[in-house]
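For reference, each letter of the sequence shown is one residue, going 21 to 341 in the working numbering.
Ideal placement from N, C-alpha and C gives every residue a C-beta, glycine not left out.
In what follows, a single structure is set out as structure tokens and then discussed.
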Amino acid sequence: MTRILAYRFSAFGDVAMTVPVFKEFLEQNPGVEIVMVSRKNFEALFAGVPNVIFKGINVDDYKGFFGLRRLGDELIKEFKPDYIANLHDVIRTKILDRIYRRKGLKVFKIDKGKEEKEHLTDVWNLDKVQLKKTVERYADVFREMGFKVELSQKLRPLSEHKSGIGFAPFAQHKGKMLPLEKSFELATLLAQKHTVYFFGGGKKETETLESWENQIPNTKSLSGKLSLTEELQKISELEVMISMDSANMHLASLMGTRCVSIWCATHPYAGFLGFGQSEDDVVQVKDLSCRPCSVFGDKECYRGDWACLEEFSIQKVVEKI
Numbered sequence: 021m022t023r024i025l026a027y028r029f030s031a032f033g034d035v036a037m038t039v040p041v042f043k044e045f046l047e048q049n050p051g052v053e054i055v056m057v058s059r060k061n062f063e064a065l066f067a068g069v070p071n072v073i074f075k076g077i078n079v080d081d082y083k084g085f086f087g088l089r090r091l092g093d094e095l096i097k098e099f100k101p102d103y104i105a106n107l108h109d110v111i112r113t114k115i116l117d118r119i120y121r122r123k124g125l126k127v128f129k130i131d132k133g134k135e136e137k138e139h140l141t142d143v144w145n146l147d148k149v150q151l152k153k154t155v156e157r158y159a160d161v162f163r164e165m166g167f168k169v170e171l172s173q174k175l176r177p178l179s180e181h182k183s184g185i186g187f188a189p190f191a192q193h194k195g196k197m198l199p200l201e202k203s204f205e206l207a208t209l210l211a212q213k214h215t216v217y218f219f220g221g222g223k224k225e226t227e228t229l230e231s232w233e234n235q236i237p238n239t240k241s242l243s244g245k246l247s248l249t250e251e252l253q254k255i256s257e258l259e260v261m262i263s264m265d266s267a268n269m270h271l272a273s274l275m276g277t278r279c280v281s282i283w284c285a286t287h288p289y290a291g292f293l294g295f296g297q298s299e300d301d302v303v304q305v306k307d308l309s310c311r312p313c314s315v316f317g318d319k320e321c322y323r324g325d326w327a328c329l330e331e332f333s334i335q336k337v338v339e340k341i
């Protein structure tokens, strides 16, 4: 059995995107297993995936060069890998790569396409093109090792009986998130014909969604009430998830649930559309040449009017449903 030690420590959505890649890679290469090293609280993402061993760590326990050297030594001693797959490529994982190369291990790392993405997010660039999808960038790491992997880009529903609509109206940055008044209006419209379940996390989000539940009939807030395992189970049972360009889109992909995704300052061209999700289910303001102005939605609007948010039509989302 060939063993690959892979690591990616953040962010939640990016780690979730590795799972369908692992599934299809391991199905096509039955003599391989992957040890996935990531944050402890991400473990449920990998539950039940054959030939994946999840190693959860507390990143703060391994600070600095000496902490990372200790982590590197512990992982080699415990798992004795044949290959190293760096699926993150940040300073922390670059140090781990160097440690493993010095020990004679073969290290392969993701090409994030930073220059391509910088060009894509240049607001004066009028020639926007689709970049390689992130899941293909993950698969490329295994291809460079000499393995074959063809990604199907197809959803695999995990539940036969699906009902209700999930709605995750929050994102980490303003540029990724509809104004809350628009999301509230969208939820109100959808709840006229469907049961709507709200997804979120953190105290402020939970308070907001519980307030919406009290104001909008036929809605239920699940924010702060479920473990990650329970949340994934619920997502698998939904007819459709509505999500910003955020982790919930990738959780829907993981559970084989269709996702209508909302893109504001960001754009699917950067490669972050959920695995198996249809481009026909992308909703965005199409005629803004400044989009995307950032990959992560973390920049201020250079125009100052946030047209990608303010001009967004929630009716387009309703039509998709």
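Limits of the beta strand (DSSP E) - the one that residue i falls within
i	result
F32	Per DSSP, F32 belongs to no beta strand (DSSP E); it is in the alpha helix (DSSP H), F32 to Q48.
L329	Run containing L329: none in the beta strand (DSSP E); it sits in the alpha helix (DSSP H), A327 to E330.
Y82	Unbroken run through Y82: none, as it is neither H nor E.
G19	Here the chain has residues from 21 to 341 only, and residue 19 is not among them.
Residue closest to residue i, alpha-carbon to alpha-carbon, out of the options
i	options	result
S203	T228, G222 and K134	T228
G84	S58, T113 and V72	T113
Q297	H270, H287, D147 and C284	H270
G33	I73, W144, V280 and F62	F62
E257	V216, D265, H287 and G244	V216
A272	K182, S30, K213 and A26	K182
K43	K132, Q173 and F128	Q173
F187	D147, E259 and M165	E259
Q48	G166, R121, W232 and R59	G166
I73	L274, E250 and F99	F99
L274	W144, S281 and Q253	Q253
D80	L91, P70 and N71	L91
S31	S266, D300 and K152	Checking the sequence, you will find Ala at residue 31 rather than Ser. When each option's Cα is compared against that of A31, the closest is S266.
Y120	F332, A26, E330 and E180	A26
K152	A36, K336, P288 and F316	P288
K168	Y322, K340, V315 and L46	L46
T214	I185, I236, F162 and P189	The sequence given here places His at residue 214; Thr does not occur at that position. Comparing Cα positions, the closest option is I185.
V280	S263, A36 and V149	S263
Per-residue DSSP class, three states only, for residue i
i	result
I236	coil
G87	helix
Y103	strand
R364	Here the chain has residues from 21 to 341 only, and residue 364 is not among them.
L25	strand
E53	strand
S231	helix
Alpha helix (DSSP H) segment containing residue i, residue limits
i	result
K340	I334 to K340
CB-CB length for residue i against residue j, believed under 8 Å
i	j	result
V55	R23	6 Å
L171	V155	6 Å
A290	L140	6 Å
I130	L88	So it is not a contact: roughly 18 Å between Cβ atoms.
G195	K319	6 Å
I104	L125	5 Å
L95	Y158	Actually they are not in contact, since the Cβ atoms of L95 and Y158 sit about 19 Å apart, beyond 8 Å.
A211	N238	4 Å
T277	P312	Between P312 and T277 the Cβ distance is about 25 Å, and since that is not below 8 Å, they are no contact.
W283	Q304	4 Å
V337	L206	6 Å
Check: residue i C-beta below 6 Å from any heavy atom of the ligand FAD
i	result
T154	The ligand FAD is absent from the structure shown, which contains no ligand whatsoever.
- Message: At 3 residues or longer, what runs of the beta strand (DSSP E) sit wholly inside the region 185 to 219?
- Response: Here the runs fully enclosed are 185 to 188 and 216 to 218.
- 4-residue-minimum alpha helix (DSSP H) runs that sit fully inside the region 113 to 155, ordered along the chain: Residue ranges of uninterrupted alpha helix (DSSP H) with 4 or more members, entirely inside the region 113 to 155 and ordered along the chain, are 134 to 140.
- Message: For a minimum of 3 consecutive residues, which ranges assigned as the beta strand (DSSP E) are wholly contained in the region 256 to 325?
- Response: Listed in chain order, the complete beta strand (DSSP E) runs (minimum 3 residues) inside the region 256 to 325 are 260 to 264, 279 to 283 and 302 to 304.
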